[in-house]
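> So the sequences go chain by chain: V and E.
Residue numbering for the first sequence follows the UniProt record's numbering, beginning at 1 and increasing consecutively.
Residue numbering for the second sequence follows the UniProt record's numbering, beginning at 1 and increasing consecutively.
Protein chains: 2
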Amino acid sequence: MKRTQIDAAWKGTANCEDCGIRDLVLFADLAEPDFNLIHLPIDEIAFEPGATIYSSGGDGATLYTIRSGLVKLVQYLPDGTQRIVRLLRHGATAGLEATLGQPYEHTAIALHPTQVCRIPRQVVERLSRETPRLHSQLMQRWHAALRQADDWLTELSTGKAPQRLARLMLQLADGEGHVTLFSREDVGSMLGITTEHASRTVAEFKRNGIITELSANRYRCDLAQLSCVASAEC
Amino acid sequence: MKRTQIDAAWKGTANCEDCGIRDLVLFADLAEPDFNLIHLPIDEIAFEPGATIYSSGGDGATLYTIRSGLVKLVQYLPDGTQRIVRLLRHGATAGLEATLGQPYEHTAIALHPTQVCRIPRQVVERLSRETPRLHSQLMQRWHAALRQADDWLTELSTGKAPQRLARLMLQLADGEGHVTLFSREDVGSMLGITTEHASRTVAEFKRNGIITELSANRYRCDLAQLSCVASAEC
DNA sequence: CGTGAAATTGAGCCTTGTCAAGACGAGTGG
DNA sequence: CCACTCGTCTTGACAAGGCTCAATTTCACG
Numbered sequence: 001m002k003r004t005q006i007d008a009a010w011k012g013t014a015n016c017e018d019c020g021i022r023d024l025v026l027f028a029d030l031a032e033p034d035f036n037l038i039h040l041p042i043d044e045i046a047f048e049p050g051a052t053i054y055s056s057g058g059d060g061a062t063l064y065t066i067r068s069g070l071v072k073l074v075q076y077l078p079d080g081t082q083r084i085v086r087l088l089r090h091g092a093t094a095g096l097e098a099t100l101g102q103p104y105e106h107t108a109i110a111l112h113p114t115q116v117c118r119i120p121r122q123v124v125e126r127l128s129r130e131t132p133r134l135h136s137q138l139m140q141r142w143h144a145a146l147r148q149a150d151d152w153l154t155e156l157s158t159g160k161a162p163q164r165l166a167r168l169m170l171q172l173a174d175g176e177g178h179v180t181l182f183s184r185e186d187v188g189s190m191l192g193i194t195t196e197h198a199s200r201t202v203a204e205f206k207r208n209g210i211i212t213e214l215s216a217n218r219y220r221c222d223l224a225q226l227s228c229v230a231s232a233e234c
Numbered sequence: 001m002k003r004t005q006i007d008a009a010w011k012g013t014a015n016c017e018d019c020g021i022r023d024l025v026l027f028a029d030l031a032e033p034d035f036n037l038i039h040l041p042i043d044e045i046a047f048e049p050g051a052t053i054y055s056s057g058g059d060g061a062t063l064y065t066i067r068s069g070l071v072k073l074v075q076y077l078p079d080g081t082q083r084i085v086r087l088l089r090h091g092a093t094a095g096l097e098a099t100l101g102q103p104y105e106h107t108a109i110a111l112h113p114t115q116v117c118r119i120p121r122q123v124v125e126r127l128s129r130e131t132p133r134l135h136s137q138l139m140q141r142w143h144a145a146l147r148q149a150d151d152w153l154t155e156l157s158t159g160k161a162p163q164r165l166a167r168l169m170l171q172l173a174d175g176e177g178h179v180t181l182f183s184r185e186d187v188g189s190m191l192g193i194t195t196e197h198a199s200r201t202v203a204e205f206k207r208n209g210i211i212t213e214l215s216a217n218r219y220r221c222d223l224a225q226l227s228c229v230a231s232a233e234c
């Protein structure tokens, strides 16, 4: 991690009306005239893995829509230990608390190469005031975040380490059962276990043939076996 | 737990405009004319400890404001294990997902004697449509719930059992350092440990003089020592 | 080819889970 | 009023799981 400056790059100004993933994002329900209320530029930005999108405690001036990639939300305890409380992907909204005039509650860091749209708080505030069509989406975003937080707790912080890891990998698996994992430290921080234990558990999965390493940190998973371990039947 | 029917009691129909805790609740920002939009009765109901307020998966017809008492939100995993994901008290809103037309995501059960106001979903929907003054409160409620969920994860599911218990008791302590605890099973389900281990950890606190039992499940706490244990300095 | 960060592995210890037995307390029925 | 019952809490002993510390190994990058 020596790239500190060059891992965030401006990719242009978005034209939200023509957004390729518009039906997924916060502005999904906006009608044509609503877009005229957007009076500030919405920038598209790319982040390399490891790059910080925003920091805990920072003034919440903008919120973000994740266009692609994967982002971790990290929460720090007073004593310095940290915990990853959520993962954001494709279509998710980060930094919702900005719309309430609050500082950011987490630090958001890209795990995979990630593209985001940066939405100034004032844009949401104005749309919120002048069109009812944003409300429902905002509520749904809050709801989705809360739901994910609750599931995260029950799935990834309950049961023994192999169970938790299996559940995490099931969440991350794509249609073909492929998973791109990240650093063992991050895995541990999601599951509430140490880095070493995360490493051991991944190694155990490999030995048992539950997962096969295709390339560095890319795995092909046996989804049936993963489900089995996840439910503690194995 | 033999009372199954008689542990929920209707206490009358609320007059929200004159609500004693109005500045704490969902309707805090409503103006006088807004109250005329409430066209369905809002009932006040009392629940005894152990009584179920609503059940996971149930049709979300109403949401609830907690007037007094303490409520646990329980989430079940497919395999039957359960986890308490949040505690609601004085002023909190339960069942917010009802406003989105979703079924309840948790089972809500009273831990202490609890009084609630039962608000039909349609009331919130109508207010939501016709007055902007509810939006900000709804957002703030979502935000508070999410914040609590994140803190719950980092504080009560991270670190060793004594640390977690200490953090829980600090959350529960009133101004005088008094805490009314609940069943060991519930304590375990909040901290992600077994009932037996919860019992042992409480007993250890008693032996060390960190807490003193005043009466059944009522304790006086040494807050300084609790903080010390919570931060793992002890 | 050297360097440093991350990942892996091992050994021993501490923490927690498991299973089982006993203690306690509230409510029941004689 | 007392014995009985049932559920919860407590405690013990042991096993298993996870943590800590330290030594290697691996790999990306200069």
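From the three backbone atoms N, C-alpha and C, an ideal C-beta is built for every residue, glycine too.
Whose C-beta lies closer than 6 angstroms to the C-beta of phenylalanine 27 of chain V among residues of the same chain, with five residues either side of it excluded?
Excluding sequence neighbours, phenylalanine 27 of chain V sits near Cys16.
> Scan the UniProt domain "Cyclic nucleotide-binding" (26-127) of chain E for residues whose Cβ lies nearer than 9 angstroms to a Cβ of chain V and list them as they occur along the chain.
Within the UniProt domain "Cyclic nucleotide-binding" (26-127) of chain E, the qualifying residues are Leu73, Gln75, Tyr76, Leu77, Pro78, Asp79, Thr81, Gln82, Arg83, Val85, Arg86, Leu96, Glu97, Thr99, Leu100, Gln102, Glu105 and His106.
> List, in chain order, every chain E residue whose beta-carbon is nearer than 9 angstroms to that of threonine 154 of chain V.
Gln75, Tyr76, Leu77, Thr81, Gln82, Arg83 and Val85, listed in chain order.
> Just to confirm my understanding: we take glutamine 148 of chain E, look at its own chain, exclude 5 residues before and 5 after, and list those with CB closer than 7 angstroms. What are they?
Counting only Cβ-Cβ distances below 7 angstroms, and skipping sequence neighbours, we find Arg86.
> Give the DSSP-derived three-state secondary structure of glycine 188 of chain E in the structure shown.
Helix at glycine 188 of chain E.
> Return helix, strand or coil for alanine 8 of chain V, following the three-state DSSP convention.
Correct three-state label for alanine 8 of chain V: strand.
> Kindly say whether threonine 158 of chain E, judged by its beta-carbon, lies nearer than 8 angstroms to any beta-carbon of chain V.
Output row for threonine 158 of chain E: interface = yes.
> Which of helix, strand or coil does DSSP assign to serine 199 of chain V?
Serine 199 of chain V falls in the helix class under three-state DSSP.
> Using a Cβ-Cβ cut-off of 8 angstroms, state whether arginine 147 of chain E counts as contacting chain V.
By this cut-off, arginine 147 of chain E is an interface position.
> Going by DSSP in three states, glutamate 233 of chain E sits in which element: helix, strand or coil?
The answer is coil: DSSP assigns glutamate 233 of chain E none of H, G, I, E or B.
> Which complete alpha helix (DSSP H) runs does the UniProt domain "Cyclic nucleotide-binding" (26-127) of chain V hold, if anything under 4 residues is left out?
Segments of the alpha helix (DSSP H) lying fully in the UniProt domain "Cyclic nucleotide-binding" (26-127) of chain V: there are none.
> Across which residues does DSSP place leucine 143 of chain V in a beta bridge pair?
Before going on, a small fix: residue 143 of chain V reads as histidine here, not leucine. Answer is none; histidine 143 of chain V lacks a bridge partner.
> Compute the Euclidean distance between the alpha carbons of leucine 146 of chain E and leucine 88 of chain E, then round it to the nearest angstrom.
Roughly 13 angstroms separates the two Cα atoms.
> Any beta carbon of chain E sitting closer than 8 angstroms to that of histidine 197 of chain V?
Histidine 197 of chain V does not count as touching chain E.
> Going straight from the alpha carbon of threonine 65 of chain V to that of cysteine 19 of chain V, what length do you get?
Each residue's alpha carbon lies about 12 angstroms from the other.
> Helix, strand or coil: which one does DSSP assign to cysteine 19 of chain E?
Of the three classes helix, strand and coil, the one that applies to cysteine 19 of chain E here is coil, per DSSP.
> Under a three-way DSSP split, which group does glutamate 176 of chain V fall into?
Glutamate 176 of chain V falls in the coil class under three-state DSSP.
> Which residues share a DSSP beta bridge with threonine 212 of chain V?
Partner(s): V/Arg220.
> Pick from E/Ala94, E/Gly58 and E/Ser189: whose alpha carbon is nearest that of alanine 161 of chain E?
Out of E/Ala94, E/Gly58 and E/Ser189, E/Ser189 has the C-alpha closest to the C-alpha of alanine 161 of chain E.
> Check each candidate in V/Ile84, V/Pro132 and V/Leu223 and name the one with the smallest Cα separation from threonine 158 of chain E.
Selected option, being the one with the closest Cα: V/Ile84.
> Leaving out five residues on either side along the sequence, give the residues of the same chain with a beta carbon under 6 angstroms from the beta carbon of aspartate 29 of chain V.
Cβ neighbours of aspartate 29 of chain V beyond the five flanking positions: Arg133 and Gln137.
> Spell out whether any CB of chain E is found under 8 angstroms from the CB atom of serine 231 of chain V.
With 8 angstroms as the cut-off, serine 231 of chain V counts as an interface residue toward chain E.
> Compare the C-alpha of threonine 52 of chain E against each of E/Ile38, E/Ala94 and E/Thr81 and name the closest.
Of E/Ile38, E/Ala94 and E/Thr81, the residue nearest in Cα terms is E/Ala94.
> Let me see if you follow: with CB-CB separation under 8 angstroms, is glycine 192 of chain V close to chain E or not?
Yes, contact with chain E.
> Distance, Cα to Cα, alanine 31 of chain E vs proline 120 of chain E?
Roughly 19 angstroms between the two C-alpha positions.
> Using a cut-off of 8 angstroms between C-beta atoms, extract the partners of leucine 138 of chain V located in chain E.
By Cβ distance, chain E contributes Met139.
> Nearest CA to the CA of residue 238 of chain V: which residue from V/Tyr104, V/Gln115, V/Gln102 and V/Gly101?
There is no way to answer for residue 238 of chain V, as the model of chain V reaches only from 1 to 234.
> If we define contact as Cβ-Cβ less than 8 angstroms, is aspartate 150 of chain V a contact residue for chain E?
By this cut-off, aspartate 150 of chain V is an interface position.
> Given a cut-off of 8 angstroms, decide if isoleucine 21 of chain E and valine 123 of chain E are closer than it, judged by their beta-carbon atoms.
No, Cβ-Cβ distance for valine 123 of chain E and isoleucine 21 of chain E is not below 8 angstroms.
> At a cut-off of 7 angstroms, is tyrosine 54 of chain V close to the ligand PLP when judged by its beta-carbon and the heavy atoms of the ligand?
Absence of the ligand PLP is noted for the structure shown, with no ligands found whatsoever.
> If you reduce the DSSP assignment to three classes, tell me which class threonine 13 of chain E lands in.
It is a strand residue.
> If you measure between the beta carbons of alanine 198 of chain V and arginine 184 of chain V, is that distance less than 8 angstroms?
Yes, they are a contact pair.
> Would you verify that the beta carbon of histidine 178 of chain V is, or is not, closer than 8 angstroms to some beta carbon of chain E?
Taking Cβ atoms only, chain E never reaches closer than 8 angstroms to histidine 178 of chain V, which makes this a no.
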